[in-house]
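Protein chains in written order, with the working numbering: chain A, 1 to 295; chain B, 1 to 258. All C-beta atoms in this analysis are idealised placements derived from N, C-alpha and C, irrespective of residue type, glycine included. Predicted, not measured: the structure shown is a model, and the values here were computed from it. Written below as structure tokens is the structure these notes are about.
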Ligand SMILES: Nc1ncnc2c1ncn2[C@@H]1O[C@H](COP(=O)(O)OP(=O)(O)OP(=O)(O)O)[C@@H](O)[C@H]1O
Ligand SMILES: [Mg+2]
């Protein structure tokens, strides 16, 4: 702007520009405040758990069975192993089930039956997890007359289904029609096109959804309380009660013994780290896949 | 262009009607496509060009509510009849779309042979040969031969479109349908693909939809002019663009409507 005498218009532009800049700045402050409100609790929880939990973490914690009441030492090794077993079992049940429903909803999702399935999946997603536990209790625990890892894994598996199904559906729907038509146009039967072009092409994104839901159920407590129950011993078969980290944390946290309470903090820290690390790794992997995929 | 008259008819379209959910889009199209020629379909937007070529490989019927009537003869068989399996048919009549659409998460190599591997062809030596041959046909080999295992989506738009042409050619179709294959491309890529079409017609019979009349004039042997779902005129390209019989064709090619 070289002009000496600004015109009325340029003055007006100048004023609205100033106002816009002010609004931008105000919005920025609001956003930062919102960011802080969202992250401060997260970090304070994390900080607190680290401070309380870190002292409990030692070699024994990861390798020993819980010590009998009143004795010092012991660890949560059986609960760690138990959680791994439960999560694997839940994945074996929940992943195929959820992915298949997701494929069905995305590819054959226009019928009334599909609308019913979608509605049921959404309902399932909003049922409190303890109710899922009760359901499995009635379905498996009562007939078998005992608490078992099988029942716990099933409860966690059911819990995974809705998130996996809906994320898979949304991911597959992102693939445009013209890719599907290219597949059909090559003389590929529809089912093959769906599995080997559409689903295969979305594998990375589907895997991310799956892993995030696995991380989610790893920390579930309520559905395990009357399915897997808990155990003070090593894994003794899927038809036996089985220890798990969340339930062990629960039991120890409400116990009157300081040693146990401290171990509960340790367990909580391990659990949080597991969830954090899986989240971060999958998000990074996803970002990399996206970066190199599109150009 | 008289020589084309002597050649055999490969596709014979008779009184083809098509509709979307009860709304007619094609009203009785009849035309013959000559073997190893290029047939261009021109006409204003929405006149039914895409619908027409999508009837030829029965992709039209994949649209919910879409219907087709009439006959399309290929090798002594009405390919629209119920006892022809569309999946088998589409191996004889390939298609290249308006937007380049390489399959996601597949390498260049995997894209080219997708039609074969998904039909159960596994032998590496066969696939390697097909990849080299069809990428050469599609004039892409030299550009990609050192990066066959890079993702198909890493290529430029024009290269992706040639990849899609190679992919369609890999299953050795008799007919190649092309729906505005260059409309998303820059002039240089367009010129390459036009050149390619001229060479490909030795291998396959081509039916191409285009919005670009110069393109139709440059590359095709016969041209059909569509208007509101009807075939107004269908004749040798040189005739259609110089001495159209129908006044509507004349108005269209001189740019007075559409
Ligand atoms: N999926 C659809 N559902 C309903 N009507 C459709 C559909 N696709 C096309 N039509 C209608 O059918 C008619 C022909 O469409 P078509 O796509 O064949 O035109 P086109 O000549 O290829 O146009 P363009 O040059 O813009 O690609 C149009 O009136 C259009 O509105
Ligand atoms: Mg079209």
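To the nearest whole angstrom, what separates the beta carbons of residue 25/B and residue 229/B, a pair I think is in contact under 8 angstroms?
About 5 angstroms separates the Cβ atoms of residue 25/B and residue 229/B, confirming a contact at the 8 angstroms cut-off.
Compute the minimum distance between the beta carbon of residue 277/A and the heavy atoms of ligand 2, and state whether it is under 7 angstroms.
For residue 277/A, the shortest separation between its Cβ and any heavy atom of ligand 2 does not lie below 7 angstroms.
Taking C-beta pairs closer than 7 angstroms, name the residues in chain B that residue 103/A reaches, listed in chain order.
Neighbours of residue 103/A on chain B: none; closest Cβ ~16 angstroms, over 7 angstroms.
Of all Cβ atoms in chain A, is any one closer than 8 angstroms to the Cβ of residue 171/B?
yes
Distance, Cα to Cα, residue 272/A vs residue 153/A?
Using only the alpha carbons, I get a separation of about 20 angstroms.
Pick out whichever of 283/A, 216/A, 64/A has its Cα sitting closest to the Cα of residue 156/A.
With distances taken between Cα atoms, residue 156/A lies closest to 216/A.
Return yes when the C-beta of residue 20/B is under 7 angstroms from any heavy atom of ligand 1, and no when it is not.
yes
Just verifying my parser: in three-state terms, what is the DSSP assignment at residue 48/B?
coil
In the DSSP assignment, the alpha helix (DSSP H) including residue 11/A goes from what residue to what residue?
8-53
Please confirm if residue 95/B has its CB atom under 8 angstroms from at least one CB of chain A.
Yes, contact with chain A.
Ignoring anything shorter than 4 residues or poking outside the region 135-208 of chain B, list the alpha helix (DSSP H) runs there in chain order.
Within the region 135-208 of chain B, the complete alpha helix (DSSP H) runs of at least 4 residues fall at 141-144, 157-169, 187-200.
Out of curiosity, what's the CA-to-CA distance linking residue 95/B and residue 81/B?
Each residue's Cα considered, the two are about 20 angstroms apart.
The alpha helix (DSSP H) with residue 178/A in it runs from where to where?
Note, residue 178/A: alpha helix (DSSP H), 177-185.
In this structure, how does DSSP classify residue 121/B when only helix, strand and coil are distinguished?
coil
Would you list, in chain order, the members of the region 165-183 of chain A that have their beta-carbon closer than 9 angstroms to a beta-carbon of chain B?
175, 176, 178, 179, 180, 181, 182, 183
What is the DSSP secondary structure of residue 196/A, reduced to helix, strand or coil?
helix
Is it the case that the CB of residue 63/B approaches a heavy atom of ligand 1 more closely than 7 angstroms?
yes
By the DSSP assignment, the alpha helix (DSSP H) with residue 244/A in it spans what residues?
Note, residue 244/A: premise wrong, no alpha helix (DSSP H); not H, not E.
Could you name the residues that DSSP lists as bridge partners for residue 9/B?
34/B
8 angstroms is my cut-off, CB to CB: does residue 200/A come that close to chain B?
yes
Any C-beta of chain A within less than 8 angstroms: which residues of the region 46-75 of chain B qualify?
57, 59, 62, 64
Would you mind giving the Cβ-Cβ distance between residue 32/B and residue 68/B, rounded to the nearest angstrom? I have them listed as a contact below 8 angstroms.
So it is not a contact: roughly 18 angstroms between Cβ atoms.
For residue 48/A, verify whether its CB is less than 7 angstroms away from any heavy atom of ligand 1.
no
So, is the C-beta of residue 210/A closer than 8 angstroms to a C-beta in chain B?
no
Among 108/A, 275/A, 96/A, 54/A, which has the Cα closest to the Cα of residue 64/B?
108/A
With a CB to CB cut of under 8 angstroms and the five nearest residues on each side skipped, what residues in its chain are close to residue 7/B?
34, 35, 36, 37
Just verifying my parser: in three-state terms, what is the DSSP assignment at residue 67/B?
strand
In its own chain, which residues sit with a C-beta less than 8 angstroms from the C-beta of residue 247/B, not counting the 5 before and 5 after it?
none
Quick one: which residues of the region 103-126 of chain B get their C-beta closer than 8 angstroms to a C-beta of chain A? List them in chain order.
The region 103-126 of chain B vs chain A, Cβ under 8 angstroms: 103, 104, 105, 106, 114, 115, 118, 119.
Any heavy atom of ligand 1 closer than 7 angstroms to the CB of residue 211/B?
yes
Check whether the Cβ of residue 286/A lies closer than 8 angstroms to any Cβ atom in chain B.
no
Where does residue 64/A sit, in a helix, a strand or coil, going by DSSP?
coil
Along the chain, where does the beta strand (DSSP E) that runs through residue 269/B open and close?
Because residue 269/B is not part of the residues shown, which for chain B are 1 to 258, the question remains open.
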